[in-house]
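**Student:** Pasting a structure below so you can have a look.
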Amino acid sequence: MASPWAAQAHTPGQPKTYDLTVLGTSDTHGNVYNWDYYKDSEYDDSKQNDVGIAKLATLVNQIRQERRGKATLVLDAGDTIQGTPLATYYAKQEPITSTGEKHPVARAMNVIDYDAVTLGNHEFNYGLPLLDLWIRQLGFPALAANAVNARSGRPAFLPFVIKKVSLGHGAPTLRVGILGLTNPGVAIWDRGNVEGKLRFEDMVSTAAKWVPVMRRLGADIVLVSAHGGDSGTSSYGPELPNENPSALMAQQVPGIDAILMGHAHVEIAEKFVANTKTGEQVLLAEPSKWGQRLTRMDFALARENGRWKITSKRGTMLNTNTVVEDPKVLAAVRAQHAKTVAYVNQVVAQSSVELSAEESRYKDTPILDFINKVQTDTVTAALAGGQYAGLPVLSIAAPFSRTALFPAGDVKIRDVAGLYVFDNTLEAVVLSGAEVKAYLEYSAKYFRTFGPGAPIDPAQISDPAVPDYNYDIFSGLDYDIDISKPVGQRITRLVHPGTGAAVGDNEQFVVAVNNYRRSGGGAFPGIVKTQVYNEQQEIRQLLIDWAQAKGVIDPADFYQPNWKLVREGVPVF
Numbered sequence: 010m011a012s013p014w015a016a017q018a019h020t021p022g023q024p025k026t027y028d029l030t031v032l033g034t035s036d037t038h039g040n041v042y043n044w045d046y047y048k049d050s051e052y053d054d055s056k057q058n059d060v061g062i063a064k065l066a067t068l069v070n071q072i073r074q075e076r077r078g079k080a081t082l083v084l085d086a087g088d089t090i091q092g093t094p095l096a097t098y099y100a101k102q103e104p105i106t107s108t109g110e111k112h113p114v115a116r117a118m119n120v121i122d123y124d125a126v127t128l129g130n131h132e133f134n135y136g137l138p139l140l141d142l143w144i145r146q147l148g149f150p151a152l153a154a155n156a157v158n159a160r161s162g163r164p165a166f167l168p169f170v171i172k173k174v175s176l177g178h179g180a181p182t183l184r185v186g187i188l189g190l191t192n193p194g195v196a197i198w199d200r201g202n203v204e205g206k207l208r209f210e211d212m213v214s215t216a217a218k219w220v221p222v223m224r225r226l227g228a229d230i231v232l233v234s235a236h237g238g239d240s241g242t243s244s245y246g247p248e249l250p251n252e253n254p255s256a257l258m259a260q261q262v263p264g265i266d267a268i269l270m271g272h273a274h275v276e277i278a279e280k281f282v283a284n285t286k287t288g289e290q291v292l293l294a295e296p297s298k299w300g301q302r303l304t305r306m307d308f309a310l311a312r313e314n315g316r317w318k319i320t321s322k323r324g325t326m327l328n329t330n331t332v333v334e335d336p337k338v339l340a341a342v343r344a345q346h347a348k349t350v351a352y353v354n355q356v357v358a359q360s361s362v363e364l365s366a367e368e369s370r371y372k373d374t375p376i377l378d379f380i381n382k383v384q385t386d387t388v389t390a391a392l393a394g395g396q397y398a399g400l401p402v403l404s405i406a407a408p409f410s411r412t413a414l415f416p417a418g419d420v421k422i423r424d425v426a427g428l429y430v431f432d433n434t435l436e437a438v439v440l441s442g443a444e445v446k447a448y449l450e451y452s453a454k455y456f457r458t459f460g461p462g463a464p465i466d467p468a469q470i471s472d473p474a475v476p477d478y479n480y481d482i483f484s485g486l487d488y489d490i491d492i493s494k495p496v497g498q499r500i501t502r503l504v505h506p507g508t509g510a511a512v513g514d515n516e517q518f519v520v521a522v523n524n525y526r527r528s529g530g531g532a533f534p535g536i537v538k539t540q541v542y543n544e545q546q547e548i549r550q551l552l553i554d555w556a557q558a559k560g561v562i563d564p565a566d567f568y569q570p571n572w573k574l575v576r577e578g579v580p581v582f
């Protein structure tokens, strides 16, 4: 297929035009094969999307072949080494080493031969030593200009690269500057890994600092690979620099030609934002998630007065479900994929009945109580005999997956991993009764408002602006959520189980919670405080260990119905 952006035939009297193609991936999240490790089958969804770096590689190879050696760059905007059992296995079960195993994502990305990758916030999930090792395993630079050493204030990673690109036809070399910006939310989400070591500065001001430097060093074009979307909003409130500032960056920082975005998991083929100081149109694009899409940006170039000038630019999107997987990527990761599949298919216990998470968002279900039971037991045992042993232990869990299921009979590691899809660790803090109620009120904003008698479709019960993972369910106290009332006035009953006594504002509770939430993820009130328990135990592994030790997963051991949705006191379901 011939490119509409191939160098055009030269018309006498008109400047000769050349072209550059930039391909972009982002948020692949450990997907290499087109495989669903939780279902142990090829990935599929309702829109027939495919996933994985192997599919992306085929599209990249096709475009490189189509362009027959013309200038083509390939960038990634981050979140690559977390998100699948494959990625977790080589961070936790058999961590990569400097002398042994290479990370499967490094293997796959090296086959594609990227020009640069930006660090996403999930790159920091497994600590700085593993991140540094993964970077060393890459055959191309990893960028993060706004991650700076907390002591020296100097960049902790490479801020940018300037690639010398041949446009052929006897043209002068084109120098393409690529600036990488990671997400400042790392300071909250992975506080335990970065606090005191790294500081994460504002993406817009960082771009304003480095873009002129890149231009002075000879960059003819400046591209930004930013792990942040374009909404201008943050999930964590105003206390940190903006989480999704890409459109603001385009508006406020002169000298940027295009921005490859990540983090938001949305599909934006082409968006133009005018810079308020120069009037130049900045091209923005984002390629969805998990390797489902490939961004393509095409630039037409001309020489004017001895300088390169972009005469036009456009963005298009390619779907990976149109191609087969690249055999070289599959071969590079085959053994690691097979080992992961074998691992997740290990049986850990027998379930006495089928347990489903399908209704967990709006009904008290046993499968979430399983999480809360394990968290409660772990914290209670750890605090026994100590200062906090006399306090009741509550626990918090979120309905991460609507499709999680423990079948009756064999429960495998992949079933547990499908229930708890994040690599969170367990922590605990002390909350007052008033803080517990405020926390529950904040969580209850997840639901839309329904007046008494109004029909309710469970599929439409939640506010689409609040993701499922930001709705938390407590165990250890009984409570009602009245979805006929306004946000902030919905917890109409909060009592002690058994006695029915109202929870007092000054009562004290130990609350088991994951590190993401305790660090401020989701901006829940009152939870960011000193831990009374933090042994760096991964919650998913605690669930597996509990199930293996018991041998049987029986709701009679953990199911304690304690909350319900109501309207004017009448249960909704």
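If you read the sequence shown in this note's numbering, its first letter stands for residue 10, the second for the next number, and so on. Using N, Cα and C, we set each Cβ at its ideal position, and we do this for glycine too.
1. Since A153 and L188 are thought to touch, with beta carbons under 8 Å apart, how far apart are those beta carbons, to the nearest angstrom?
2. In the stretch 202-265, which residue ranges form an unbroken alpha helix (DSSP H) of at least 4 residues, counting only runs that do not cross its ends?
3. Would you call the stretch 339-357 and the stretch 401-417 touching, i.e. three or more CB-CB distances under 8 Å?
4. Keeping to the same chain, check which residues put their C-beta closer than 6 Å to that of A267; ignore five residues upstream and five downstream.
5. Which one or two residues does DSSP pair with F415 in a beta bridge?
6. Roughly how many whole angstroms lie between the Cα atoms of A159 and A196?
7. Following the continuous alpha helix (DSSP H) through V342, name the residue where it begins and the one where it ends.
8. Provide the residue(s) that pair with K56 in DSSP beta bridges, ordered along the chain.
9. Measuring CA to CA, which of A283, Q569 and K280 is closest to G507?
10. Let me know if Q498 comes out buried or exposed under the rule of 16 or more other beta-carbons within 10 Å of its beta-carbon.
11. Have a look at G399, Q301 and V383 and flag the residue whose alpha-carbon is nearest the alpha-carbon of V439.
12. Which residue's Cα is closest to the Cα of E444: V350, S214, A228 and E516?
13. Would you call the CB atoms of N43 and E289 closer than 8 Å?
14. For N202, which option in I144, N251 and N130 has the closest C-alpha, if you only look at C-alpha atoms?
15. For D563, which three-state DSSP category applies?
16. Once the 5 residues before and after N58 are set aside, which same chain residues still bring their CB inside 7 Å of it?
17. For the alpha helix (DSSP H) containing W143, name the first residue and the last one.
18. Should S410 go down as buried or exposed, given a rule of 16 or more other Cβ atoms within 10 Å for buried?
19. Please go through the same chain and pick out, in chain order, the residues whose beta-carbon is closer than 6 Å to the beta-carbon of W572, but skip the five residues on each side of it.
20. Is it a yes or a no for the stretch 128-143 touching the stretch 81-100, going by three-plus beta-carbon pairs under 8 Å?
21. On the criterion of 16 or more Cβ atoms from any shown chain inside 10 Å, does Y27 qualify as buried, or is it exposed?
22. Are the C-beta of Q261 and some C-beta of chain C separated by less than 8 Å?
23. Using alpha carbons as the reference points, say which of I230, Q557, G109 and R225 lies closest to T30.
24. Less than 8 Å between the beta carbons of L183 and V170, yes or no?
25. Within its chain, find whatever has a CB closer than 8 Å to the CB of D1; leave out the 5 residues flanking it on each side and keep chain order.
26. Skipping 5 residues on each side, what residues in its chain have a beta carbon closer than 6 Å to that of P13?
27. Apart from the five residues on each side of it in sequence, which residues of its chain come closer than 8 Å, Cβ to Cβ, to K559?
28. What does a CB cutoff of less than 6 Å around R73 pick up in its chain, not counting 5 residues either side in sequence?
29. Report the three-state DSSP secondary structure of I197 (helix, strand or coil).
30. Taking the straight line between their C-alpha atoms, what separation do you get for L574 and T501?
31. Just verifying my parser: in three-state terms, what is the DSSP assignment at F483?
32. What residue range does the alpha helix (DSSP H) around F379 cover?
33. So what's V425 in DSSP terms, helix, strand or just coil?
34. Tell me whether the stretch 378-390 and the stretch 517-529 touch, counting them as touching only if at least three CB pairs, one residue from each stretch, are closer than 8 Å.
35. Evaluate contact between the stretch 409-429 and the stretch 529-544, counting only Cβ atoms and requiring at least three cross-stretch pairs below 8 Å.
36. Near S484, which residues of its chain fall below 7 Å by C-beta distance, leaving aside the five closest residues on each side in sequence?
**Tutor:** In this structure, then:
1. Here residue 153 refers to the residue found at position 144 when the sequence shown is read from its first residue. Here residue 188 refers to the residue found at position 179 when the sequence shown is read from its first residue. Actually they do not touch by this definition, with Cβ atoms about 10 Å apart.
2. Taken in chain order, the whole alpha helix (DSSP H) runs of length 4 or more contained in the stretch 202-265 are 212-225 and 255-261.
3. Counting Cβ pairs under 8 Å, fewer than three are found: no touch.
4. Locating residue 267 in the sequence shown gives position 258, counting from the first residue. Excluding five sequence positions before and after A267, the CB atoms of its chain that fall closer than 6 Å to its own CB belong to L232, L292 and M306, given in chain order.
5. In the sequence shown, counting from the first residue as 1, residue 415 sits at position 406. Bridge partners of F415: L364.
6. Reading the sequence shown from its first residue, position 150 is the one you call residue 159. Reading the sequence shown from its first residue, position 187 is the one you call residue 196. Their Cα atoms are separated by approximately 11 Å.
7. Your numbering for residue 342 matches position 333 in the sequence shown. V342 -> alpha helix (DSSP H) spans P336 to V353.
8. Against the sequence shown, residue 56 aligns to sequence position 47. Its beta-bridge partners do not exist; DSSP assigns none.
9. Along the sequence shown, read from residue 1 onward, the residue named residue 507 stands at position 498. Selection A283, Q569 and K280 evaluated against G507 yields Q569 as nearest (Cα-Cα).
10. Residue numbering aside, residue 498 sits at position 489 when the sequence shown is read from its first letter. The residue is exposed, with fewer than 16 neighbouring Cβ atoms inside 10 Å.
11. Walking along the sequence shown from the start, residue 439 turns up at place 430. If we check each option's Cα against that of V439, G399 comes out closest.
12. Position 435 of the sequence shown, counted from the first residue, corresponds to residue 444. Ranking V350, S214, A228 and E516 by Cα distance to E444 puts E516 first.
13. In the sequence shown, residue 43 corresponds to position 34, counting from 1. In the sequence shown, residue 289 corresponds to position 280, counting from 1. Not closer than 8 Å, so no.
14. For this step, residue 202 is matched to residue 193 along the sequence shown. Minimum Cα distance to N202 is reached at N130.
15. If you number the sequence shown from 1, residue 563 lands on position 554. D563: coil per DSSP, three-state reduction.
16. Position 49 of the sequence shown holds residue 58. Contacts found: Q301 and N330.
17. The sequence position of residue 143 within the sequence shown is 134, counting from 1. Taken as a continuous stretch (DSSP letters only), the alpha helix (DSSP H) holding W143 covers L137 to Q146.
18. As a first step, residue 410 is located in the sequence shown; it is residue number 401 there, counting from the start. Its Cβ being crowded by 16 or more others within 10 Å, S410 is buried.
19. In the sequence shown, residue 572 corresponds to position 563, counting from 1. Cβ neighbours of W572 beyond the five flanking positions: D373 and Y488.
20. In short, these stretches touch, since the Cβ pair count reaches three.
21. Residue mapping note: residue 27 aligns to position 18 of the sequence shown, counting from 1. Burial call: buried.
22. This model lacks chain C altogether, as it is built from one protein chain only.
23. Taking the sequence shown and counting its residues from 1, the one referred to as residue 30 is at position 21. The shortest C-alpha separation from T30 is found at I230.
24. As a position in the sequence shown, residue 183 is number 174, starting the count at 1. As a position in the sequence shown, residue 170 is number 161, starting the count at 1. With respect to the 8 Å criterion, L183 and V170 are not classified as neighbours on the basis of their beta carbons.
25. Any answer about residue 1 is impossible in this case: the structure gives the chain only from 10 up to 582.
26. The residue labelled residue 13 in the question sits at position 4 within the sequence shown. Reliability of the predicted coordinates at P13 is poor, the pLDDT of 36 falling under 50, and the value obtained from them is presented with this limitation in mind. The answer is none, since no qualifying residue turns up.
27. The residue labelled residue 559 in the question sits at position 550 within the sequence shown. The residues are A358 and D566.
28. Here the question's residue 73 lines up with position 64 in the sequence shown. Listed in chain order, the non-local C-beta contacts of R73 below 6 Å within the same chain comprise T81, local neighbours out to five positions each way being set aside.
29. Position 188 of the sequence shown, counted from the first residue, corresponds to residue 197. In this structure, I197 counts as helix in the three-state DSSP scheme.
30. Mapped onto the sequence shown, residue 574 falls at position 565. Mapped onto the sequence shown, residue 501 falls at position 492. In a straight line, the C-alpha of L574 is about 10 Å away from that of T501.
31. Walking along the sequence shown from the start, residue 483 turns up at place 474. Note: F483 maps to strand in three-state DSSP.
32. Residue mapping note: residue 379 aligns to position 370 of the sequence shown, counting from 1. Per DSSP, the unbroken alpha helix (DSSP H) holding F379 starts and ends at P375 to L392.
33. To locate residue 425, count along the sequence shown from 1; it is residue 416. Taken through DSSP and simplified to helix, strand or coil, V425 comes out as helix.
34. These segments touch.
35. No: the two stretches stay apart, fewer than three of their Cβ pairs being nearer than 8 Å.
36. One-based indexing of the sequence shown puts residue 484 at position 475. Within the same chain, S484 has close Cβ partners D378, N381, T385, L403, S404, Q569 and N571.
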